[in-house]
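In our numbering, the protein residues as written are 36 to 349.
Every residue, glycine too, gets a C-beta built ideally from N, C-alpha and C.
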Ligand code: NAD
Ligand code: UDP
């Protein structure tokens, strides 16, 4: 039975990943510093005999044994990653070095959770993996975007210099149960606002687009990428269905069954205007593509937030 280390395992994606790995019979070590992660996300796993929780910060060297490492540790919400920008940079750079050093000692395979943010505010649409991106290196998102770009570079260089077995995925906006209701991302904001009968806050004119992947689909893609021997990546993982934020607001209102008013707020600096993955590579190499339509994923997510907010089922 392989031992699998999931850094950031108490976060939104990490907790779903731990759950899926345990279900297939792996030994899982969940490592987290609980910056944006929550014990609530993994409390149902604590009694599992193949699950171990380790409070640790990847900015410090990591001493465990593992056969595979999923490096998910890093705040993902713009509000969270800009809260302490220098720490975000350290997590993606110093943390990545520590993870790769651990992999070198253990001869483990490492999967790095990179992001569509490496494309910045893209001038190519949809984004293919060979597009180099359009990132402002000194803007408010740079701590995250440039950190993740360095992390990709570290993976490729450790692979070339030391033969470390790396896998790089670029994750596009993903949503689902266990996203922190207060993390400031668009789906958690819109759903909690609609459920509370508050105005939905659309930043800017709401014509900017994003593509939303349901968490279960994404986790299948992540594991498929780790378990294949064909490529180190990068491989885009996301749902190519593209929505403007105004369209998303309408979809959320439908899922909640309530129409609240739209309130426009200033658009944050450097907010990408459009984002949509080209998933040709994921389809051909992993045989993967998302299956859950937005309406179905939103319904499941709304049910989760209802229970979080102590509201009766809709
Ligand atoms: P999240 O904030 O819910 O989870 C991140 C987890 O990492 C949290 O549990 C947090 O406490 C932990 N963490 C942060 N810094 C750490 C450190 N220095 N040491 C140890 N643990 C640390 O975010 P998420 O949505 O689950 O994202 C997980 C990963 O996927 C991140 O690397 C993120 O950049 C990447 N990603 C996510 C999305 C998305 O839409 N969810 C999109 C692109 C990339
Ligand atoms: N957004 C919005 N209202 C909100 C939160 C976000 O209109 O309450 C917009 C934000 O400006 C961006 C998009 O939704 O254009 C996605 O934002 P999110 O923070 O979820 O992630 P991003 O893709 O920007 O990293």
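Straight across, the Cα-Cα distance linking residue 120 with residue 304 is about 15 Å. Burial check for residue 207: the Cβ neighbour count within 10 Å reaches 16 or more, so the residue is buried. When secondary structure is reduced to three states using DSSP, residue 164 falls in the coil class, being assigned neither helix nor strand. As for any alpha helix (DSSP H) of minimum length 4 sitting wholly inside the stretch 228 to 280, the runs are 250 to 261, ordered along the chain. Here the stretch 337 to 347 makes contact with the stretch 227 to 239; the two share three or more CB pairs at distances below 8 Å. The criterion of a C-beta distance shorter than 8 Å is not satisfied by residue 311 and residue 113. Under the 10 Å beta carbon count, residue 79 is surrounded by fewer than 16 other beta carbons and is classified as exposed. For residue 153, there is no enclosing alpha helix (DSSP H), since its DSSP letter is neither H nor E.
Between the ligand UDP and residue 340, a heavy atom-to-CB distance of less than 7 Å is absent.
DSSP places residue 197 inside the alpha helix (DSSP H), whose first and last residues are 177 to 197. Non-local beta-carbon contacts of residue 125 in its own chain, meaning distances under 6 Å to residues more than five positions away in sequence, involve 94 in chain order. Between residue 39 and residue 56, the C-beta spacing is below 8 Å. Annotated three-state conformation of residue 42 is strand, per DSSP.
The beta carbon of residue 256 sits closer than 7 Å to the beta carbons of 272, 317, 321 and 323 from its chain, once the five residues preceding and following it are set aside; these are given in chain order. Not one heavy atom of the ligand NAD lies closer than 7 Å to the C-beta of residue 225.
When the Cα atoms are used, residue 216 and residue 165 turn out to be separated by approximately 34 Å. Non-local beta-carbon contacts of residue 128 in its own chain, meaning distances under 8 Å to residues more than five positions away in sequence, involve 182, 185, 186 and 189 in chain order. Boundaries of the beta strand (DSSP E) harbouring residue 205: 201 to 206, taken from the DSSP string.
Restricting attention to 103, 84, 97 and 341, the CA atom closest to the CA of residue 261 is found in 103.
Secondary structure within the stretch 43 to 114: the beta strand (DSSP E) runs of 3 or more consecutive residues, fully enclosed, are 62 to 67, 86 to 90 and 103 to 106 (chain order). For residue 149 against residue 205, the beta-carbon gap comes to about 5 Å, under 8 Å, which counts as contact. For residue 140, the uninterrupted alpha helix (DSSP H) run begins and ends at 120 to 141, by DSSP.
DSSP places residue 314 outside both helix and strand once states are collapsed to three, so it counts as coil.
Residue environment for residue 242: exposed (fewer than 16 other C-beta atoms within 10 angstroms of its C-beta).
Within its own chain, the residues whose Cβ lies closer than 7 Å to the Cβ of residue 36, once the five positions on either side in sequence are excluded, are 60, 61 and 62, listed in chain order.
In terms of side-chain proximity, the C-beta atom of residue 66 is found nearer than 7 Å to a non-hydrogen atom of the ligand NAD.
The C-alpha of residue 339 is placed about 8 Å away from the C-alpha of residue 213. In this structure, residue 247 lies near residue 329, with their beta-carbon atoms less than 8 Å apart. With respect to the 8 Å criterion, residue 209 and residue 250 are classified as neighbours on the basis of their beta carbons.
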